[in-house]
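Please read the structure below before turning to the comments.
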Amino acid sequence: MNIQDAKEQIRRTVAAYLSKDAMGDYRLPAVRQRPLFLLGAPGIGKTAIMEQVASEMHIGLLSYSMTHHTRQSAIGLPMLVQRTYEGKTYTISEYTMSEIIAAVYDAMENQHQTEGILFLDEINCVSETLAPAMLQFLQYKTFGGHAVPAGWVVVLAGNPPVYNQSAREFDIATLDRLKILEIEPDYAVWRRYAAERNLHPAILAYLDQKSDRFYQIESTPDGPCYVTARGWEDLSVMMQLYEDLGFPIDETLVKQYLHRDETAQDFALFYDIWQKYRQDWQVDDILQGHLAPSLREKAAGATFDEKLALTLQLTSRCEELSRDALETYDALKQGLPLLKKATEASDPAAFLQQQASSLRQPPVAGEEPPYKRRTRQKLWQFLSEAASMSATPENETGTTLPGFFTQKAEENGQQLDRVGEALHELFAFVLSAFGEGQELLIAVTHMAESLPLTRYISQYGCDDFAYWSHRLLLDDRGEALRGRPHPKGALS
């Protein structure tokens, strides 16, 4: 199965294991809660989906690698204690609490969650001394004399031995205690995840054309060659940082993440062309309707690869604009109740500064989704500006807190308007330069797969998208986005 199907299976299993009866007891005893075992090639997103499931279900998450554990660290260390049996005192041995079980209790305290997922990675790489104890753990959820706290679901992950020399095959006695999910790489599924994570548009444009290069693992006389989903995502993060810092992105950098020379060289060349097109074609001018006629004619006579790159750059830029505008909207919406409370506080500036300071700490449980992190940053900036403005005497600024919010909301309304204008100019350019060809289909398809753009279109409408998605017979996702315009503008 693909990673998205696996995520749904995990979500359903966790929901079933955590369901309770009328008396508040878990309906399935721990001994019947088979741990899920995610078996798949490295770097396909097993850890990422655990973070997503925990975040979406609002439960805790503790990720633990089993590669370094020995029998002593997993089960606990022996200690001597005295016990009295039938009137006689004996010295016996017990075990200290398992490092893993203790970490679960720490996670419960730090994350303020009584239920969660205990995710044990590289489970089939445990040492031989620990292997016998794993049978007891898999069935009874105990290490030594200590059990995993009730309400914590055990999920395991590992790589097949073909990918990891340290991994070993489980025997039937072990497998018979697990729910096994075998996961295969699937670019179409990963692309939706990549779009949500805001991966570099050049990577998505490249893989849209050459999806066979998405995941490659092979053995050669010189050693293993591999390209994984994790490699593409990590490369994307570094590319975005390099661009912000003005550093060159070249083959040397790419090879640090894509460990197959042919793919690394090919993508590095594609990125050079991508950057050249971005500069030559003046993407922002096109989306503002300011393109010179000579460049429009040049675009019409370009090669298909050039047309494809330009089309994807236009849709990617619209995606960036919509993402920024919508996240600003969300930040303002979250900030409005806080501004109302500030007006009632004895010291509005101190109240707002305290609220802003609390946003500097990200959530403890799992990795914060990128869109939530960006929205949190925008909210922090908004509250910090409001606190600074509130600390200044009103007669010097001439602005009250309600007036400050109205100003920001109007600016956001203009942002949202510019997104609609950019989408209109995108369609106008593609139609005038390329006609009703494959480039138009690519643009509409990309828009239908973009989370920020689909949200924008569903909330505010886009007549061009509605018309052309119908003409091009897009799937049900396009149907759901048509004909639902809402007025743009400031928050009420």
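If you're matching positions, the sequence shown starts at 669 in our numbering and goes up one per residue.
Where a beta carbon is used, it is the ideal one built from N, C-alpha and C, also for glycine.
Predicted model, so just to flag it, every value in this text is computed and none were measured.
Problem set entry | Assigned exposure category for Pro892 - 16 Cβ within 10 Å defines buried | Within the sequence shown, residue 892 is the residue found at index 224, counting from 1. Classification of Pro892: exposed, given that the 10 Å Cβ count is below 16.
Problem set entry | Cβ pair count under 8 Å reaching 3, the segment 879 to 894 against the segment 741 to 760 | no
Exercise. Just curious, the beta strand (DSSP E) that Gln884 is in, first and last residue?
Worked result: Position 216 of the sequence shown, counted from the first residue, corresponds to residue 884. Counting along the chain, the beta strand (DSSP E) containing Gln884 begins and ends at Gln884 to Thr888.
Problem set entry | His726 burial status per 10 Å Cβ neighbour count (16 or more: buried) | Here residue 726 is taken as the residue at index 58 of the sequence shown, counted from 1. With fewer than 16 other Cβ atoms within 10 Å, it is exposed.
Exercise. Does DSSP classify Ile760 as helix, strand or coil?
Worked result: Within the sequence shown, numbered from 1, the residue matching residue 760 stands at position 92. If DSSP states are grouped into helix, strand and coil, Ile760 belongs with the strands.
Exercise. Per DSSP, Lys688 is paired with what?
Worked result: For the purposes of this step, residue 688 is taken as residue 20 along the sequence shown, with counting starting at 1. Looking at the DSSP assignment, Lys688 forms a beta bridge with Tyr694.
For this session: Using a Cβ-Cβ cut-off of 7 Å, state whether Leu745 counts as contacting chain B.
Result: The chain inventory of the structure shown lacks chain B, comprising one protein chain alone.
Exercise. Tell me, which residues are paired with Tyr894 by DSSP?
Worked result: For the purposes of this step, residue 894 is taken as the residue at position 226 of the sequence shown. BP columns for Tyr894 point to Ile885 and His927.
Exercise. Hey, which unbroken runs of the beta strand (DSSP E) at 3 residues or more fall wholly within the segment 699 to 758?
Worked result: 704 to 708, 728 to 733 and 746 to 753
Exercise. What is the rounded straight-line gap between the Cα of Leu686 and the Cα of Asp918?
Worked result: On the sequence shown, position 18 is the one that residue 686 refers to. On the sequence shown, position 250 is the one that residue 918 refers to. In a straight line, the C-alpha of Leu686 is about 49 Å away from that of Asp918.
For this session: Could you name each continuous alpha helix (DSSP H) segment of 4 residues or more that falls completely within the segment 962 to 1043, going from the start of the chain to the end?
Result: 972 to 1012 and 1016 to 1026
For this session: Starting from the N-terminal side, write out each stretch of the beta strand (DSSP E) that is 3 residues or longer and does not extend beyond the segment 763 to 806.
Result: 784 to 789
Exercise. Beta carbon of Thr1043, beta carbon of Asp998: below 7 Å?
Worked result: Looking up residue 1043 in the sequence shown gives position 375. Looking up residue 998 in the sequence shown gives position 330. In contact: Thr1043 and Asp998 (Cβ atoms closer than 7 Å).
For this session: Would you list, in sequence order, the uninterrupted beta strand (DSSP E) runs of no fewer than 3 residues that lie entirely inside the segment 846 to 872?
Result: 847 to 851
For this session: May I ask you to report which of helix, strand or coil DSSP gives Val821?
Result: By one-based count along the sequence shown, residue 821 stands at place 153. In this structure, Val821 counts as strand in the three-state DSSP scheme.
Problem set entry | Backbone CA spacing between Glu719 and Pro961 [nearest angstrom] | Residue mapping note: residue 719 aligns to position 51 of the sequence shown, counting from 1. Residue mapping note: residue 961 aligns to position 293 of the sequence shown, counting from 1. Rounded to whole angstroms, Glu719 to Pro961 spans 49 Å at the Cα level.
Problem set entry | Whole-Å CB distance - Ala818 paired with Phe811, under 8 Å assumed | Here residue 818 corresponds to residue number 150 of the sequence shown, with the count starting at 1. Here residue 811 corresponds to residue number 143 of the sequence shown, with the count starting at 1. Contact flag wrong, Cβ pair sits at about 15 Å.
For this session: Could you have a look at His1092 and say whether DSSP puts it in helix, strand or coil?
Result: Residue mapping note: residue 1092 aligns to position 424 of the sequence shown, counting from 1. Residue state, collapsed to three classes: helix.
For this session: Counting only the same chain and skipping the five closest in sequence on each side, list residues whose C-beta sits under 6 Å from that of Tyr910.
Result: Your numbering for residue 910 matches position 242 in the sequence shown. Same-chain partners within the cutoff: Ile917.
Problem set entry | DSSP-derived helix/strand/coil call for Thr810 | Along the sequence shown, one-based indexing puts residue 810 at 142. Note: Thr810 maps to strand in three-state DSSP.
Exercise. Taking the C-alpha atoms as reference points, what is the distance between Asp934 and Trp942?
Worked result: To locate residue 934, count along the sequence shown from 1; it is residue 266. To locate residue 942, count along the sequence shown from 1; it is residue 274. Approximately 12 Å between the Cα atoms of the pair.
For this session: Give the DSSP bridge partners of Ala683, in chain order.
Result: Within the sequence shown, the letter at position 15 stands for residue 683. Answer is none; Ala683 lacks a bridge partner.
Exercise. What did DSSP end up calling Ala960 once you bin it into helix, strand or coil?
Worked result: Here the question's residue 960 lines up with position 292 in the sequence shown. Reduced to three states, the DSSP call for Ala960 is coil.
Exercise. Does any heavy atom of the ligand ATP sit closer than 6 Å to the C-beta of Lys878?
Worked result: The ligand ATP is absent from the structure shown, which contains no ligand whatsoever.
Exercise. By DSSP, does Gly826 sit in helix, in strand, or in coil?
Worked result: Translated into the one-based positions of the sequence shown, residue 826 becomes position 158. Gly826 falls in the strand class under three-state DSSP.
For this session: Tell me whether Met747 is buried or exposed, calling it buried when 16 or more other Cβ atoms sit within 10 Å of its Cβ.
Result: Reading the sequence shown from its first residue, position 79 is the one you call residue 747. Exposed: under 16 other Cβ atoms inside 10 Å.
Problem set entry | Reduced DSSP secondary structure (H/G/I, E/B, other) of Lys815 | Indexing the sequence shown from 1 puts residue 815 at position 147. Checking the sequence shown, residue 815 turns out to be Ala, not Lys. The answer is strand: DSSP assigns Ala815 an E or B state.
Problem set entry | Cβ neighbours of Gly728 in the same chain (closer than 6 Å, five flanking residues each side left out) | The count along the sequence shown starts at 1 and reaches residue 728 at position 60. Hits under 6 Å: Ala775, Gln779, Gln781, Gly784 and Ala1033.
Problem set entry | Assigned secondary structure, Gln1045 (DSSP; H/G/I helix, E/B strand, else coil) | In the sequence shown, counting from the first residue as 1, residue 1045 sits at position 377. Looking at Gln1045 - three-state DSSP - the assignment turns out to be helix.
For this session: Starting from Ile1110, follow the alpha helix (DSSP H) in both directions and report where the run begins and ends.
Result: Here the question's residue 1110 lines up with position 442 in the sequence shown. Counting along the chain, the alpha helix (DSSP H) containing Ile1110 begins and ends at Gln1106 to Glu1117.
Exercise. Which residue's Cα is closest to the Cα of Arg680: Leu1006, Glu864, Val721 and Leu786?
Worked result: What you label residue 680 is simply residue 12 of the sequence shown in a count that begins at 1. When each option's Cα is compared against that of Arg680, the closest is Val721.
Exercise. What's the gap between the Cα of Phe705 and the Cα of Leu824?
Worked result: Along the sequence shown, one-based indexing puts residue 705 at 37. Along the sequence shown, one-based indexing puts residue 824 at 156. Rounded to the nearest angstrom, the two C-alpha atoms are 5 Å apart.
Exercise. Taking DSSP as the reference, what is the three-state secondary structure of Pro1153?
Worked result: Within the sequence shown, the letter at position 485 stands for residue 1153. Below a pLDDT of 50, predicted positions are generally treated as unreliable, and Pro1153, at 40, falls in that range; no measurement from the model is reported.
Problem set entry | Where Gly1081 sits in the DSSP three-state scheme | Locating residue 1081 in the sequence shown gives position 413, counting from the first residue. Gly1081 falls in the helix class under three-state DSSP.
Exercise. At which residues does the alpha helix (DSSP H) containing Leu921 begin and terminate?
Worked result: For the purposes of this step, residue 921 is taken as residue 253 along the sequence shown, with counting starting at 1. Taken as a continuous stretch (DSSP letters only), the alpha helix (DSSP H) holding Leu921 covers Glu919 to Val922.
For this session: Quick one: residues in its chain with C-beta nearer than 8 Å to the C-beta of Cys793, no 5 flanking neighbours on either side, listed in chain order?
Result: Stepping through the sequence shown from its first residue, residue 793 is reached at position 125. Taken in chain order, the residues that qualify are Met734, Thr735, Gly826, Asn832, Ser834, Ala835 and Arg836.
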